[in-house]
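S.K.: Numbering (my numbering), first residue to last: 1 to 397.
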Ligand code: PLP
């Protein structure tokens with residue numbers, strides 16, 4: 001099918017919640033994708049920080065192929081070998097002792113909210129249910145996770161929202177402190193707010209939240225759906241900032257491109273999710289767990305977090321030198337390979353021009369261009385991307 005044919009069918013048969021899209025991608029390899037008309041693109045969106053090992057990594061393809069020939073799905077009524085292997089690997093790599101698997105970031109956050117409330121009621125006090133989240137946060141699109149998300153634009157039209165969420169300013173310890181009540185049971189935060197505009201915490205912020213949680217007997221939840229799996233230069237974002245949460249959520253890059261989410265925590269908290277208290281039909285099925293295990297092992301064995309650090313520095317340098325040249329660039333910020341370029345103008349048209357020139361970028365909100373390439377990139381990919389980005393900037397002065 002051509003792009004036009006795919007677009008016409010989409011208009012006819014799909015609900016329009018994603019709006020109009022420029023291209024239809026049909027093939028991927030490493031850092032490149034091809035559209036339905038055969039045009040090649042360098043992909044610096046990577047499925048929105050999901051294809052960390054690149055497109056169709058041979059290890060992930062092999063794991064999926066072999067597992068698909070053996071056992072694709074069975075219920076969690078039975079033990080699942082790839083699921084226990086994946087849980088063991090994640091426990092070895094993290095502060096956590098136990099994992100629960102689901103299918104997406106929103107579901108991982110739902111699980112985190114459920115275990116937090118149950119643990120807190122059972123162990124801290126019956127009235128403990130309120131969770132403090134941050135303005136400009138993003139935690140997902142289910143009813144409860146849009147409520148946790150501190151951005152009114154995601155709430156509009158879907159009210160009434162779930163009760164029990166209070167918003168504080170990101171990067172403002174005083175404000176969080178002021179929002180704690182007798183009912184508070186947890187603070188939930190992204191180590192870097194990506195969807196909120198790539199907001200980086202100040203050095204003492206996450207440590208401050210940790211101390212506050214210890215002092216007030218609250219749980220600290222890190223939503224690492226977009227920051228885990230090497231993206232920030234360490235395997236987990238919390239390692240980049242040197243602060244351990246009590247609960248972590250992951251999804252996106254965990255599966256190397258297949259849908260999987262995970263909520264992981266310490267044993268004493270995990271105990272609250274007793275048999276029958278939470279579940280998912282597909283959560284942790286053999287196919288996705290085999291893909292995730294292959295993806296994680298690739299990230300660790302190929303030192304992709306370290307590569308994200310190196311390439312992140314290289315990309316940051318290049319973007320900072322573009323900032324010197326183009327006054328429309330107001331700020332460049334990020335960690336590892338999650339970098340945002342804040343513009344003084346709207347970013348949508350620039351992104352469209354970059355895509356037409358063969359570089360896939362995306363815009364957060366109206367004016368922050370997001371750079372979240374696969375972690376397998378090298379200097380020549382960055383140089384290729386920067387040549388296109390500079391050309392687009394120069395056409396818009
Ligand atoms: N949490 C964060 C930090 C995210 O960036 C996202 C998605 O962008 C989500 C949660 C929701 O994940 P999903 O779309 O897999 O439900």
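Even glycine gets a Cβ: it sits at the ideal position worked out from N, Cα and C. No experiment lies behind these values; they were computed from the predicted model shown.
(1) Can you tell me which residues form a DSSP beta bridge with residue 199?
(2) Using the three-state DSSP reduction, which class does residue 129 fall into: helix, strand or coil?
(3) By DSSP, does residue 9 sit in helix, in strand, or in coil?
(4) If you pair each beta-carbon of the stretch 169-185 with each one of the stretch 249-260, do three or more pairs fall below 8 angstroms?
(5) Measure the alpha-carbon distance for residue 142 versus residue 131 and round it to whole angstroms.
(6) If you measure between the beta carbons of residue 398 and residue 395, is that distance less than 8 angstroms?
(7) Run through the DSSP bridge pairs and tell me what residue 1 is partnered with.
(8) Please tell me whether residue 99 has its Cβ less than 8 angstroms away from any Cβ of chain B.
(9) What runs of the beta strand (DSSP E), each 3 residues or longer, lie entirely inside the stretch 182-265?
(10) Assuming contact is defined by CB atoms lying nearer than 8 angstroms, are residue 61 and residue 362 in contact in what I supplied?
(11) Quick check on the DSSP output: the alpha helix (DSSP H) that includes residue 279 runs from which residue to which?
(12) Please return the same chain residues whose Cβ sits closer than 7 angstroms to the Cβ of residue 165, not counting the five positions on each side in sequence.
(13) Mind checking who residue 168 pairs with in its DSSP beta bridge?
(14) Any chance the CB of residue 106 is under 7 angstroms from a heavy atom of the ligand PLP?
(15) Report yes or no: do the stretch 235-250 and the stretch 380-395 share at least 3 C-beta pairs separated by less than 8 angstroms?
(16) Between residue 338 and the ligand PLP, is there a pair consisting of the residue's CB and a ligand heavy atom that are separated by less than 7 angstroms?
(17) For the alpha helix (DSSP H) that contains residue 389, what are its first and last residues?
(18) Which runs of the alpha helix (DSSP H) at least 4 residues long sit entirely within the stretch 12-58? Give them in chain order.
(19) Who are the near neighbours of residue 348 in its chain, counting only those whose CB is closer than 7 angstroms to its CB and skipping five residues on each side?
(20) Can you give the Cα-Cα distance for residue 98 and residue 247, rounded to whole angstroms?
(21) Thinking residue 289 and residue 86 are a contact (beta carbons under 8 angstroms), I'd like their distance in whole angstroms, please.
(22) Measure the Cβ-Cβ separation of residue 233 and residue 305 and say whether it is below 8 angstroms.
(23) Does DSSP put residue 173 in a helix, in a strand, or in coil?
(24) Kindly give me the distance between the Cβ atoms of residue 191 and residue 224, rounded to whole angstroms, as I take these residues to be in contact under 8 angstroms.
(25) Does the contact criterion of 3 or more C-beta pairs under 8 angstroms hold for the stretch 198-214 versus the stretch 111-130?
(26) Whose C-beta lies closer than 8 angstroms to the C-beta of residue 217 among residues of the same chain, with five residues either side of it excluded?
(27) If you reduce the DSSP assignment to three classes, tell me which class residue 103 lands in.
(28) For the stretch 313-340, list the beta strand (DSSP E) runs that are entirely contained and at least 3 residues long, ordered along the chain.
(29) Assuming residue 71 and residue 286 form a contact by the criterion Cβ under 8 angstroms, report the distance between their Cβ atoms to the nearest whole angstrom.
(30) Assess, as a yes-or-no matter, whether the stretch 1-14 is touched by the stretch 26-40 under the definition of 3 or more beta carbon pairs within less than 8 angstroms.
(31) So what does residue 297 bridge to, in DSSP terms?
(32) Nearest to residue 55 by CA position, among 397, 188, 376, is which residue?
(33) Beta carbon of residue 365, beta carbon of residue 308: below 8 angstroms?
(34) How big is the Cα-Cα spacing for residue 92 and residue 235?
(35) Out of 176, 81, 100, 299, which one is the CA nearest neighbour of residue 275?
(36) What would DSSP say about residue 303, mapped onto helix, strand or coil?
M.R.: On the basis of the supplied data:
(1) Per DSSP, the beta-bridge partners of residue 199 are 193.
(2) Here residue 129 sits in coil by DSSP.
(3) Residue 9: helix per DSSP, three-state reduction.
(4) Touching, no.
(5) So the two alpha carbons sit approximately 16 angstroms from each other.
(6) Nothing in the structure corresponds to residue 398, since the chain is present only between 1 and 397.
(7) Under the DSSP definition of a beta bridge, residue 1 lacks any partner.
(8) Here chain B cannot be found, since the structure has a single protein chain.
(9) Counting whole runs of 3 or more residues, the stretch 182-265 contains the beta strand (DSSP E) stretches 184-189, 219-223, 247-250, 261-265.
(10) The criterion of a C-beta distance shorter than 8 angstroms is not satisfied by residue 61 and residue 362.
(11) Where residue 279 is concerned, there is no enclosing alpha helix (DSSP H), given that its DSSP letter is neither H nor E.
(12) 131, 133, 147, 148.
(13) Beta-bridge pairing links residue 168 to 134.
(14) Yes; taking the cut-off as 7 angstroms, the Cβ of residue 106 has a heavy atom of the ligand PLP nearer than that.
(15) At 8 angstroms Cβ cutoff, the stretches do not touch.
(16) Incorrect: residue 338 has no Cβ contact closer than 7 angstroms to the ligand PLP.
(17) Unbroken alpha helix (DSSP H) run through residue 389: 379-394.
(18) Segments of the alpha helix (DSSP H) lying fully in the stretch 12-58: 46-49.
(19) Non-local C-beta neighbours of residue 348 in its own chain, meaning closer than 7 angstroms and more than five positions away in sequence, comprise 363, ordered along the chain.
(20) Straight across, the Cα-Cα distance linking residue 98 with residue 247 is about 10 angstroms.
(21) Between residue 86 and residue 289 the Cβ distance is about 4 angstroms, and since that is below 8 angstroms, they are a contact.
(22) Yes, the Cβ-Cβ distance between residue 233 and residue 305 is below 8 angstroms.
(23) In the structure shown, residue 173 falls within a helical segment according to DSSP collapsed to helix, strand and coil.
(24) Their Cβ separation, rounded to whole angstroms, is 7 angstroms, which keeps residue 191 and residue 224 in contact under 8 angstroms.
(25) With the cut-off at 8 angstroms, the stretch 198-214 and the stretch 111-130 do not touch.
(26) For residue 217, where only same-chain residues beyond five positions count, the Cβ hits under 8 angstroms are 124.
(27) Correct three-state label for residue 103: coil.
(28) Listed in chain order, they are 329-335.
(29) About 5 angstroms separates the beta carbons of residue 71 and residue 286, which is inside the 8 angstroms limit, making them a contact pair.
(30) Three or more Cβ pairs drawn from the stretch 26-40 and the stretch 1-14 lie within less than 8 angstroms of each other, which places the two stretches in contact.
(31) Answer is none; residue 297 lacks a bridge partner.
(32) Taking only the C-alpha atoms, the option nearest residue 55 is 376.
(33) The Cβ atoms of residue 365 and residue 308 lie no closer than 8 angstroms to each other.
(34) Their backbone Cα atoms lie some 12 angstroms apart in a straight line.
(35) It is 100.
(36) In this structure, residue 303 counts as coil in the three-state DSSP scheme.
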